[in-house]
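Step one of this worksheet: look at the structure below.
Number of protein chains: 2
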Amino acid sequence: MARDDATLIEALTHIAGREGVRVGEQVKLLDHGYHTENLAARIMVSPADTQQLAAVVQCCAAQGRSLVPQGGLTGLVGASASRPEDVIVSLRRMNRIVALDRESMTITVQAGVTLAQINEAAREAGLEFGVDLASRDGATVGGLISHNAGGLRAFRHGMTRQQVLGLEAVLADGTVFRDLNALTKNNTGYDLKQLFIGAEGTLGIVSCAVLRLVPQQRAAATALLGLADLRAGLEIVRRLRHAHYDRLLAVEVLWADYAACVRDAHPELANLVFEDCPLSLVVEVAHDDAIDMAQQLETLLESALEDGLLEDCIVASSGTQRERIWLLREDSDAVAHQGAHQLSFDVALPVPALDGYVRDLQAAFRSFDASIKLFVFGHLMDGNLHIMLAADTPLHDRYADIEALIYEPLAAVGGALSAEHGIGVEKKAALARYGDPQRLALMGAVRSLLDAKRTLNPGKVVD
Amino acid sequence: MARDDATLIEALTHIAGREGVRVGEQVKLLDHGYHTENLAARIMVSPADTQQLAAVVQCCAAQGRSLVPQGGLTGLVGASASRPEDVIVSLRRMNRIVALDRESMTITVQAGVTLAQINEAAREAGLEFGVDLASRDGATVGGLISHNAGGLRAFRHGMTRQQVLGLEAVLADGTVFRDLNALTKNNTGYDLKQLFIGAEGTLGIVSCAVLRLVPQQRAAATALLGLADLRAGLEIVRRLRHAHYDRLLAVEVLWADYAACVRDAHPELANLVFEDCPLSLVVEVAHDDAIDMAQQLETLLESALEDGLLEDCIVASSGTQRERIWLLREDSDAVAHQGAHQLSFDVALPVPALDGYVRDLQAAFRSFDASIKLFVFGHLMDGNLHIMLAADTPLHDRYADIEALIYEPLAAVGGALSAEHGIGVEKKAALARYGDPQRLALMGAVRSLLDAKRTLNPGKVVD
Chain A
1 MARDDATLIE
11 ALTHIAGREG
21 VRVGEQVKLL
31 DHGYHTENLA
41 ARIMVSPADT
51 QQLAAVVQCC
61 AAQGRSLVPQ
71 GGLTGLVGAS
81 ASRPEDVIVS
91 LRRMNRIVAL
101 DRESMTITVQ
111 AGVTLAQINE
121 AAREAGLEFG
131 VDLASRDGAT
141 VGGLISHNAG
151 GLRAFRHGMT
161 RQQVLGLEAV
171 LADGTVFRDL
181 NALTKNNTGY
191 DLKQLFIGAE
201 GTLGIVSCAV
211 LRLVPQQRAA
221 ATALLGLADL
231 RAGLEIVRRL
241 RHAHYDRLLA
251 VEVLWADYAA
261 CVRDAHPELA
271 NLVFEDCPLS
281 LVVEVAHDDA
291 IDMAQQLETL
301 LESALEDGLL
311 EDCIVASSGT
321 QRERIWLLRE
331 DSDAVAHQGA
341 HQLSFDVALP
351 VPALDGYVRD
361 LQAAFRSFDA
371 SIKLFVFGHL
381 MDGNLHIMLA
391 ADTPLHDRYA
401 DIEALIYEPL
411 AAVGGALSAE
421 HGIGVEKKAA
431 LARYGDPQRL
441 ALMGAVRSLL
451 DAKRTLNPGK
461 VVD
Chain B
1 MARDDATLIE
11 ALTHIAGREG
21 VRVGEQVKLL
31 DHGYHTENLA
41 ARIMVSPADT
51 QQLAAVVQCC
61 AAQGRSLVPQ
71 GGLTGLVGAS
81 ASRPEDVIVS
91 LRRMNRIVAL
101 DRESMTITVQ
111 AGVTLAQINE
121 AAREAGLEFG
131 VDLASRDGAT
141 VGGLISHNAG
151 GLRAFRHGMT
161 RQQVLGLEAV
171 LADGTVFRDL
181 NALTKNNTGY
191 DLKQLFIGAE
201 GTLGIVSCAV
211 LRLVPQQRAA
221 ATALLGLADL
231 RAGLEIVRRL
241 RHAHYDRLLA
251 VEVLWADYAA
261 CVRDAHPELA
271 NLVFEDCPLS
281 LVVEVAHDDA
291 IDMAQQLETL
301 LESALEDGLL
311 EDCIVASSGT
321 QRERIWLLRE
331 DSDAVAHQGA
341 HQLSFDVALP
351 VPALDGYVRD
361 LQAAFRSFDA
371 SIKLFVFGHL
381 MDGNLHIMLA
391 ADTPLHDRYA
401 DIEALIYEPL
411 AAVGGALSAE
421 HGIGVEKKAA
431 LARYGDPQRL
441 ALMGAVRSLL
451 DAKRTLNPGK
461 VVD
């Protein structure tokens, strides 16, 4: 162990206690989550509160050591990846729900609280968090905010940014930015906390937040729809939105190869996939005291069937069947069985451009390398597609070419090369290449204003 | 006219044409809107598009002239106030609706488009803007964004910030920041456009925006409720929220003196005020194809009456009666008849703290100067109160003392000294006094990063 490591470890132990510091093998033994380099650092410190966190940052900054903040390690772009010389700051010990205000529909939480924990507390008050996503059990508040998480319901309640009322963050010099506003309306000058939302820990380490909650909606009915094409899907979405916008919980789209791949990984899903349909939708509507929403959905689907928009349809008749429909949608890990090498992309396009984009993409990959399998699913109303590639031959050495196939068509339609996963290390080169130079320069200037020495999460997002 | 004025006028005329430049009396002849100093500048330029706007900013910056951006002049804190040497940049000529996308529910508009114009276009597609406010006919997009306007429905759809998907702004050096994103999800680096939202034109001049729209909701029923106290009002809100959250259009609260004052200004409102009720609520619910919402509201109100929560109640039985209820709520200009001198404040508090705050405030003003009349109304679910003072003796010379009465109690409950009106020139001293010094310093640093010479709207918000 290097001498400066020993000095730092002693100082960190003084701040966070023995239970708050891990070194070497103690770090490697942990689950590294979704990125293999998450636990590459030699030292991990887990402060118990904001004061300890501030002291940790101050201590590392003074010794010229860079910090990598980590939460539930469910991020998909390597924003938590560390190098041996970095110090990992895990927020997982800061997992306290500070306050829940039923009347104002807000919750105040430390950064290490998981989405599942928020919802457990909120649902006791008939409320819930407006953002939901597949990694709900592991994703923490700090990560949700730092990645501006999107998920299944962005079309209704917006992204995580729209849920953040107040925020506390530790800055690169160890001072604490504190704006734990709990009000819907607060126009007292520039809303600086917006800077920390979606900044992936490069401008400050989020330590605490006040989040707005929304009235809880329970599912009344979940259906899996088999479609001939996306045009039909969009017409069904139009009808759903017109009739039940405020009771729509999800409209998810699965291209056939994705659905088949998840089905093949789970015997219990054998009968759940429509063999001849190029597309499926998962649709869920909320319970309503005043109307039979299950009946409403069935009526709407029957009329869609009569109008030739629907090829086939399963309305879940039990909790088990509902869970299976959701497993089909959410178990994207199943793609791992489809090839020794995988890549994952997350793009957004205007909804009307989705259909053409996917068709062109499939054709482009067929000519690029027909052995690469393409699995596409996403959040239809947000125009957000997750594109997963699997192949038996290496993909990383062709990364720039593959990125070009996926990203180049986006510019013409106003698409985004990251919809909700963020930039991290994995999409940084693409952002530098395809992003607007003026925006990138201003991002760098803002970063320099807040962290000139790049103490916080260096090498991520922007230089 | 000063020689440098002549040079500048010539240059501006070259950029914006003769019809785009007003000088001296031509400026003073216009309606100065809500602030007497709005038209104090000698020169006003009205660019026709972003290119002209950028050239105007560049030209003024080169000549060391400061710029004051103006829209509908409906702001209430003097953010558009000008000095003789400033150049007013009116965005009113940039009033084009660029695009409306039904499928993605977005609208792209130039900065001079009014809220009423947006809604006129959106409603043809069954959509509307998520923010509504009393000055809807005059307020422009640039002003709504620069002030992060709130209004009647913030509890449902959030503030204007939550409606802005994309934004274009001209920076202090005349370069154009362009992020006309139209996607719900776009996590490609720091969301820098957030900086310009609520910055009151001090960091850039908003020239164009992409706004999200929401499905249009038509009023199914509007009611005026007479209450004995706020506790009863909050219980009614709880019930309304539980049963009809997604169909609630408004829950506005009027203290008795405010309601009486507006009534006295309009003969047709004579029978609309509950004489013995210290508080009234205006409640509006949306039409729903599947349920009779007027019936639902009446049932809820009947049960509130039985439970002793309601003293009296009028459910509008005609369009005229509905308009009268809204006139009672929205004609705050009526306060002008109540004294030669007026002041207006706009605070927010956590909802549970509202009742105590208003009681204490009334008592505090009685001991400070019982001749000052206090008119209070606001947006109940946001905890947002508008406090208007009227007196026959001057108030401005006692401004700091009056501010102290209104602002000092806020700190203990986590209130805000500006909920939705912003800071401008009028609340700047208060923000400097009551605001967090670290946040203020960071605000100044961000301003220096974007406009070191304070070319844009100098003297507003923060130094």
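Here the protein sequences line up with chains A and B, keeping their order.
Here the first sequence stands for residues 1 to 463, numbered as in full-length UniProt numbering.
Here the second sequence stands for residues 1 to 463, numbered as in full-length UniProt numbering.
Each residue gets a CB set at the ideal place from its N, CA and C atoms; glycine is no exception.
Being a predicted model, the structure only gives us computed values, none of them experimental.
Check: Taking Cβ positions only, does residue 245 (chain A) come closer than 8 Å to chain B?
Finding: yes
Margin query: Measuring alpha carbon to alpha carbon, tell me which residue in A:237, A:269, A:246, A:228 is nearest residue 255 (chain A).
Written below: A:228
Check: So which of B:136, B:265, B:126, B:398 has the shortest CA-CA distance to residue 342 (chain B)?
Finding: B:398
Check: Going by the CB atoms, is the gap between residue 234 (chain B) and residue 37 (chain A) shorter than 8 Å?
Finding: no
Check: Who pairs with residue 255 (chain A) in a beta bridge, going by DSSP?
Finding: A:279
Checklist line | Terminal residues of the beta strand (DSSP E) in which residue 373 (chain A) lies | finding: 373-379
Check: Going by the CB atoms, is the gap between residue 192 (chain A) and residue 439 (chain B) shorter than 8 Å?
Finding: yes
Item checked: Short CB-CB distance (under 8 Å) between residue 185 (chain B) and chain A -> yes
Next item on the list: Could you name the residues of chain B that residue 420 (chain A) contacts, counting a contact when the two beta carbons are closer than 8 Å?
Entry: 185, 187
Note to self: Counting only beta-carbon separations shorter than 8 Å, does residue 155 (chain B) have a partner in chain A?
What the structure shows: yes
Note to self: Residues in the same chain with beta-carbon distance under 6 Å from residue 94 (chain A), minus the five sequence neighbours each way, listed in chain order, please.
What the structure shows: 110, 111, 112
Next item on the list: State buried or exposed for residue 453 (chain B), treating a residue as buried only when at least 16 other CB atoms are found within 10 Å of its CB.
Entry: exposed
Note to self: Between residue 324 (chain A) and chain B, is the shortest Cβ-Cβ distance under 8 Å, so that the two count as touching?
What the structure shows: no
Check: Taking DSSP as the reference, what is the three-state secondary structure of residue 384 (chain A)?
Finding: strand
Next item on the list: With 8 Å as the limit, tell me which residues of the stretch 267-296 of chain B have their beta carbon closer than that to any beta carbon of chain A; keep them in chain order.
Entry: 289, 290, 291, 296
Notebook entry, point to check: Rounded to a whole number of angstroms, what is the C-alpha to C-alpha distance between residue 273 (chain A) and residue 418 (chain A)?
Noted result: 29 Å
Notebook entry, point to check: Going by DSSP, what residues sit across from residue 170 (chain B) in a beta bridge?
Noted result: B:176, B:205
Margin query: Using the three-state DSSP reduction, which class does residue 151 (chain A) fall into: helix, strand or coil?
Written below: helix
Check: Are the C-beta atoms of residue 423 (chain B) and some chain A residue less than 8 Å apart?
Finding: yes
Note to self: Using a 10 Å radius around the Cβ and a threshold of 16 neighbouring Cβ atoms, would you call residue 393 (chain B) buried or exposed?
What the structure shows: exposed
Notebook entry, point to check: Hey, residue 176 (chain B) and residue 54 (chain B): beta-carbon distance below 8 Å or not?
Noted result: yes
Margin query: Nearest by alpha-carbon distance to residue 129 (chain B): which of B:146, B:159, B:138 is it?
Written below: B:159
Margin query: Does residue 447 (chain B) come out as helix, strand or coil in the three-state DSSP assignment?
Written below: helix
Next item on the list: Give the DSSP-derived three-state secondary structure of residue 113 (chain A) in the structure shown.
Entry: coil
Next item on the list: Assign residue 28 (chain B) to buried or exposed, taking buried as 16 or more other Cβ atoms, counted over all protein chains shown, within 10 Å of its Cβ.
Entry: exposed
Note to self: Just to make sure I have the definition right: I need the residues of chain A whose C-beta is within less than 8 Å of the C-beta of residue 345 (chain B). Which are they?
What the structure shows: Those within 8 Å of residue 345 (chain B) in chain A number zero; the least Cβ separation is about 13 Å.
Notebook entry, point to check: Are the beta-carbon atoms of residue 156 (chain A) and residue 248 (chain A) separated by less than 8 Å?
Noted result: yes
Checklist line | Through-space distance from residue 145 (chain B) to residue 199 (chain B), alpha-carbon basis | finding: 8 Å
Item checked: Top-ranked residue by Cα proximity to residue 161 (chain A), from B:154, B:167, B:185, B:171 -> B:185
Notebook entry, point to check: How would you call residue 14 (chain B), buried or exposed, if buried means at least 16 neighbouring beta carbons within 10 angstroms?
Noted result: exposed
Note to self: Using a Cβ distance threshold of 8 Å, determine whether the stretch 293-312 of chain B contacts the stretch 352-359 of chain B, with at least three qualifying pairs required.
What the structure shows: no
Notebook entry, point to check: Who pairs with residue 44 (chain A) in a beta bridge, going by DSSP?
Noted result: A:22, A:88
Checklist line | Distance between beta carbons of residue 41 (chain B) and residue 86 (chain B), contact taken as under 8 Å | finding: 4 Å
Checklist line | When A:322, A:188, A:432, A:406 are compared against residue 443 (chain B), the one with the closest alpha-carbon | finding: A:188
Checklist line | In chain order, each beta strand (DSSP E) run of at least 3 residues that lies wholly inside the stretch 321-368 of chain B | finding: 341-348
Note to self: Along the stretch 120-154 of chain B, where does the CB come closer than 8 Å to a CB of chain A? Name the residues.
What the structure shows: 126, 147, 148, 150, 154
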